[in-house]
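For reference, the structure discussed in these notes is given below.
In UniProt numbering, the protein residues as written are 1 to 313.
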């Protein structure tokens, strides 16, 4: 073990969930008492995992080990960092979405590179495809692979990639705002993040200052909605457009479809519990178990998509 200078890449560091003050102090005390037990992971002497341990070790002159990783390109390193962070339990749902989207954005590039140089270890073969079809195949295959690792659908992975790109755009204009979204300090739905990405830097700074002045632990999007949506003009009575009156419209219940779905879910649970308690899986045919497993995976992905939609709105 030794004490040596390592490089810090700001993009890599920002992908790592920052420790809360109490967590950092606890880690610091553990390292002071027991030394740095886990090696700091590096790529060409640049830290890819262990930024907090490195800071503490350098501050207190505590020796540490390093573990070298090999990546064929920067995108591969970013994808690895994201996947590694997704394995941690203490990340917010917003951070999880961001990391999945960031992993997808970088890993699809890696997939193309590996195919071009013949180093793809997986089943994807794009050697006979034209450029457009090869891009589509890489996007689809990458989304599907990341989806399986994170128990979501491929469509959800691509949706999270849009979320990630929007956050990156916000970060270019007002970097201090992004950590507040990822930490949950600023409660905002997916679609509103996309709206914010189109705002100018001045408006984003206004939102950030408003959050800073908020005495509560977190702030909801609705408190900053006027800045995002702009000031809408108020129509005078004569300007209100004419049309069918409310009493002429058929009555609409916005909760009807969701309420109906909610009522059917207990029957799904009951059927699953009944099968689990009565079927002897040791004598059920492999084909039947395989069909059930596939159906349950598809149901799980559908539920994850729906839950994401509910939580994002």
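Virtual Cβ for every residue (Gly too), placed ideally from N, Cα, C.
query	result
If we require 4 or more residues per run, which alpha helix (DSSP H) segments fall completely within the stretch 22 to 53?	none
What would DSSP say about residue 173, mapped onto helix, strand or coil?	helix
With DSSP collapsed to three states, give me the class of residue 4.	coil
Pick helix, strand or coil for residue 71, following the three-state DSSP scheme.	coil
Quick check on residue 35: buried or exposed, where buried means 16 or more other Cβ atoms within 10 Å of its Cβ?	exposed
Quick check on residue 66: does DSSP put it in helix, strand or coil?	strand
Measuring CA to CA, which of 62, 80 and 22 is closest to residue 70?	80
Alpha carbon to alpha carbon, what distance is there between residue 170 and residue 252?	Because residue 252 carries a pLDDT of 44, less than 50, the predicted location of this residue cannot be relied on, and the following value inherits that uncertainty. Those two C-alpha atoms are separated by around 37 angstroms.
Tell me, please, which residues DSSP counts as bridged to residue 186.	219
Counting beta carbon pairs with one atom in the stretch 159 to 178 and one in the stretch 192 to 210, are three or more of them shorter than 8 angstroms?	yes
For residue 198, is the classification buried or exposed, using 16 other Cβ atoms within 10 angstroms of its Cβ as the cut-off for buried?	exposed
For residue 304, which residues from the same chain have a beta carbon less than 8 angstroms from its beta carbon, with the 5 sequence-adjacent residues on both sides left out?	151, 152, 153 and 156
Return helix, strand or coil for residue 156, following the three-state DSSP convention.	helix
State yes or no: is the C-beta of residue 48 within less than 9 angstroms of the C-beta of residue 75?	no
Does DSSP classify residue 295 as helix, strand or coil?	helix
Any idea what DSSP makes of residue 286, helix, strand or coil?	helix
Output yes or no for whether 9 angstroms exceeds the beta carbon distance between residue 57 and residue 31.	yes
Tell whether a beta-carbon distance below 9 angstroms holds between residue 301 and residue 147.	yes
From residue 261 to residue 271, what does the alpha carbon distance come to, in whole angstroms?	16 angstroms
Helix, strand or coil, according to DSSP, for residue 129 in the structure here?	coil
Quick check: the Cα distance between residue 17 and residue 98, rounded to an integer number of angstroms?	11 angstroms
Express the C-alpha separation of residue 140 and residue 287 in angstroms, rounding to a whole number.	27 angstroms
Go through its chain and collect everything with a Cβ distance to residue 85's Cβ below 6 angstroms, but skip five positions before and after it.	99
Which of the three DSSP states is assigned to residue 197 in this structure?	coil
I'd like to check one pair, residue 219 with residue 191: are the Cβ atoms closer than 9 angstroms?	no
From this set, 38, 50, 29 and 20, which residue's C-alpha is nearest residue 7's C-alpha?	50
Out of 201, 130 and 101, which has the shortest C-alpha to C-alpha gap to residue 172?	201
Return the residue from the list 194, 189 and 103 that minimises the CA-CA distance to residue 307.	189
Whole angstroms is fine: what's the gap from residue 275's alpha carbon to residue 282's?	13 angstroms
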